[in-house]
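Chains as they are written, first to last, in my numbering: chain A, 1287 to 1501; chain B, 1390 to 1399.
The next block holds one structure in the form of structure tokens; read it before the comments.
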Amino acid sequence: MNAFRLAGDITHLISILVLLLKIYATKSCSGISLKTQELYAVVFLARYLDLFTDFISVYNSVMKVVFILSSVAIVWCMRRHRAVKRSYDKELDTFRHYYLVGACFVFALLVHEKFTFQEVFWAFSIYLEAVAIIPQLVLLQRSGNVDNLTGQYVFFLGAYRALYILNWIYRYFTEAKFSRWIACISGLVQTALYADFFYYYFLSWKNNAKLNLPA
Amino acid sequence: AKDEVAKDEL
């Protein structure tokens, strides 16, 4: 474990806590894409299949459980909770995310480290995570203005993978046999997707203005 | 086979 990875995991956890705060404090999920949340639940369920088979560390197992439970809880809340469900931007959140799931699964069948059930699902979860934010970014573009908590949520979510890239660079130079190409390249694509959001987020922060994304 | 680098990352 290195500082970049720990910072990345904590940033990831913060993004989830910010989202939970927004939903529970405001009893609203306006501006949040249910499709992105569903994709994240699939990402964690597909990636942590080894939760019961490979024990890495208490930290690793606890964080896996937290990520799985929180992502499922957010989806459940946005689908079932009466008050929250009413505020869901159903007509704006129309990205066909099933195509993303299908494309990533096919790609994982083609490109993986080893052709085993667990490895294919791991690669699938890595590819899916890279594109999971797309429905959310599309929703933000359509709704134009971004409320603070949603903006912070997307910012931390993007920042965590950028920290992971630093972690991979660090591990590449410090560990003899470290090669995590699938995660590295996918992580670069993932962070690049946030690039324009980061740009407008920084501008709004610098000008102390409200975050408005160009339609 | 290359000994499996355990998926120690989240």
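Cβ atoms here follow ideal geometry from the backbone N, Cα and C, with glycine treated the same way.
At a cut-off of 8 Å, the C-beta of A/N1288 has no neighbouring C-beta in chain B. In the structure shown, the three-state DSSP call for A/N1434 is helix. About 27 Å separates the beta carbon of A/A1293 from that of A/F1407, a gap too long to meet the 8 Å contact definition. Under the three-state reduction of DSSP, A/N1453 is assigned to helix.
Taking a C-beta distance under 8 Å as the contact criterion, A/T1297 and A/A1445 qualify as a contact pair.
Using a Cβ distance threshold of 8 Å, A/R1466 and A/N1288 do not count as a contacting pair.
Using a CB distance below 7 Å, the part of the stretch 1321-1344 of chain A facing chain B consists of D1336, D1340 and I1342, ordered along the chain. Under the 8 Å criterion on CB atoms, A/F1353 is classed as interfacial with respect to chain B. The Cβ atoms of B/L1399 and A/N1498 lie no closer than 8 Å to each other. Residues of chain B with a Cβ closer than 9 Å to the Cβ of A/W1408 are, in chain order, K1396. Residue pairing by DSSP places A/N1494 opposite no residue, since no beta bridge is assigned to it. Counted as a single uninterrupted DSSP element, the alpha helix (DSSP H) harbouring A/K1321 occupies residues L1320 to R1333. Nearest CB-CB separation between A/R1291 and chain B: below the 8 Å threshold.
Taking A/G1473 as the centre and dropping the five residues before and after it, the same chain places the C-beta of R1447, Y1450 and I1451 closer than 6 Å to its C-beta, in chain order. The C-beta of A/A1409 has 16 or more other C-beta atoms within 10 Å across all chains shown, which makes the residue buried. With respect to chain B, the C-beta atom of A/K1496 has no partner C-beta closer than 8 Å.
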